[in-house]
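Have a look at the structure below before the remarks.
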Amino acid sequence: MRKLTGIALVLFFSLLAVSCGSKDDPQATAKDFMKALADQNYEKAKELGTENTKMMIGMVESFAKMAPDSLQDDTKVDFDAIQWGETKIDGDKAVCHYTDPEGKDEKIDLKKVDGKWKVDMKKDM
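81 is the number that my numbering gives to position 81 of the sequence shown; each next residue is one higher, with no gaps.
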């Protein structure tokens with residue numbers, strides 16, 4: 001019983017650290033965002049984005065609903081295969097670099113909104 005309580009406490013504090021870290025750490029926000037997309041949790045992805053990002057995720061969600069189930073399975077991203085690189089912070093803007101599962105170098109732009117880091121997708125992406 002004591003061991004189970006210890007495990008539960010470790011899990012609780014780990015989750016607490018991750019959820020609290022997202023507002024101060026742009027890479028944590030970027031990881032949470034990518035995990036939400038990989039899981040096709042569009043509502044969570046929208047919460048982690050700016051207004052531009054919310055609009056773009058809404059479009060992605062609409063397309064995903066129209067796609068056949070077989071195609072949706074083919075487009076899932078292996079989140080664990082993403083390799084995270086450096087994060088550059090410049091005031092209220094940040095860029096997180098990562099390598100996608102196919103080995104392509106990518107980046108995620110973020111900006112601080114009301115003290116929290118939000119993914120800022122541009123329309124030209």
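Glycine is no exception: its CB is placed at the ideal position from the N, C-alpha and C atoms.
Going by DSSP, name the residue or residues bridged to residue 98.
Sequence index remark: in the sequence shown, residue 98 carries index 98 (1-based). Answer is 84 and 106.
State the Cα-Cα distance for the pair residue 29 and residue 45, rounded to the nearest angstrom.
Your numbering for residue 29 matches position 29 in the sequence shown. Your numbering for residue 45 matches position 45 in the sequence shown. Distance between the alpha carbons of residue 29 and residue 45: 10 Å.
Along the chain, where does the alpha helix (DSSP H) that runs through residue 116 open and close?
The sequence position of residue 116 within the sequence shown is 116, counting from 1. Taken as a continuous stretch (DSSP letters only), residue 116 belongs to no alpha helix (DSSP H), being part of the beta strand (DSSP E) at 116-119.
Nearest-angstrom Cβ-Cβ length linking residue 99 and residue 26, presumed shorter than 8 Å:
Indexing the sequence shown from 1 puts residue 99 at position 99. Indexing the sequence shown from 1 puts residue 26 at position 26. Residue 99 to residue 26, Cβ: 17 Å. No contact.
Residue environment, residue 33, which counts as buried when at least 16 other CB atoms sit within 10 Å
Within the sequence shown, numbered from 1, the residue matching residue 33 stands at position 33. Under this definition residue 33 is a buried residue.
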